[in-house]
Amino acid sequence: MKSSFAVGVFITFCIHQFSSSNAFIPAAVGNKLLHHSQITSQKHILVLTMAEENTTTSTTTSNNNKSKSRRLYSFEEARRIARGHGFDSKEEFLEYMCPGAYQIPKDADVVWAESWQGWEDFLGITLSFSKGREVARALDGIETEEAYMALMKSKTIPDGDISSRLPFRPDLKYKEQWQGWEEFLEG
Numbered sequence: 491m492k493s494s495f496a497v498g499v500f501i502t503f504c505i506h507q508f509s510s511s512n513a514f515i516p517a518a519v520g521n522k523l524l525h526h527s528q529i530t531s532q533k534h535i536l537v538l539t540m541a542e543e544n545t546t547t548s549t550t551t552s553n554n555n556k557s558k559s560r561r562l563y564s565f566e567e568a569r570r571i572a573r574g575h576g577f578d579s580k581e582e583f584l585e586y587m588c589p590g591a592y593q594i595p596k597d598a599d600v601v602w603a604e605s606w607q608g609w610e611d612f613l614g615i616t617l618s619f620s621k622g623r624e625v626a627r628a629l630d631g632i633e634t635e636e637a638y639m640a641l642m643k644s645k646t647i648p649d650g651d652i653s654s655r656l657p658f659r660p661d662l663k664y665k666e667q668w669q670g671w672e673e674f675l676e677g
């Protein structure tokens, strides 16, 4: 058994490869036993238990190799985590494999269907130049490079707002189409 702790949240990782079936893995937070997970196949199994309610999950693989996804995080938390990875496309997200505390289900559009606004929104994919310019021009009181940079540095744009997908430095991101700050912000 390997144990690991995250800052602020106790997390127990139980990763085993079993040679016999029907083995059990205890999962605990701190020294409190929360549940046992039955292992029925000879595969690597990850059991993750977090110390907050509404964040407990386990992904198990049965003998027929079907995996069940359950809600790990709220939509907003999952979107913040996914955006933090900096994916440039849905395909890149789907190919990403990193076991651990921050793995988001690959079927996020199904898991959070009631809040879903599209993969671009979920992953925080930067807006195209034309859409970015349109959104930037609609920002109230943002008419100069200094005002734009102050807004970006303030980090006050909510994740659900489309302007949160504007690049921090549009002059660098859109360098092929860039014609200056005045044209980008005012037209």
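Residue numbers for the sequence shown follow our numbering, so the first one is 491 and each next one is one higher.
Every residue gets a Cβ at the ideal spot worked out from N, C-alpha and C, and that includes glycine.
Owing to the predicted nature of the structure, the values given are computational and were not obtained by experimental measurement.
Tell me where the alpha helix (DSSP H) around A640 begins and ends. Mapped onto the sequence shown, residue 640 falls at position 150. Note, A640: alpha helix (DSSP H), 635-644.
What are the start and end residues of each continuous alpha helix (DSSP H) run of 4 or more residues lying completely inside the segment 591-617, in chain order? 598-601, 609-613
F619 in three-state terms, based on DSSP: As a working mapping, residue 619 is identified with position 129 in the sequence shown. Three-state result, F619: helix.
Out of W602, P657, K645, which one is the CA nearest neighbour of D578? Position 88 of the sequence shown, counted from the first residue, corresponds to residue 578. That would be P657, whose Cα lies nearest to the Cα of D578.
Rounded C-beta distance between F583 and L613? I'm assuming under 8 Å. Working through the sequence shown from its first residue, we reach residue 583 at position 93. Working through the sequence shown from its first residue, we reach residue 613 at position 123. The beta-carbon distance between F583 and L613, rounded to whole angstroms, is 6 Å. This is short enough to meet the 8 Å contact definition.
Give a yes or no on contact between the segment 649-664 and the segment 622-630, applying the rule of three or more CB pairs nearer than 8 Å. yes
Straight-line Cα distance separating A637 from P648: As a position in the sequence shown, residue 648 is number 158, starting the count at 1. As a position in the sequence shown, residue 637 is number 147, starting the count at 1. Roughly 17 Å between the two C-alpha positions.
C-alpha gap between S605 and F565, whole angstroms: The count along the sequence shown starts at 1 and reaches residue 605 at position 115. The count along the sequence shown starts at 1 and reaches residue 565 at position 75. Roughly 7 Å between the two C-alpha positions.
Applying the 10 Å Cβ sphere with the 16-neighbour rule, what's the burial state of L617? The residue you call residue 617 lines up with position 127 of the sequence shown. Of the residues assessed, L617 falls on the buried side of the cut-off, its CB having 16 or more other CB atoms within 10 angstroms.
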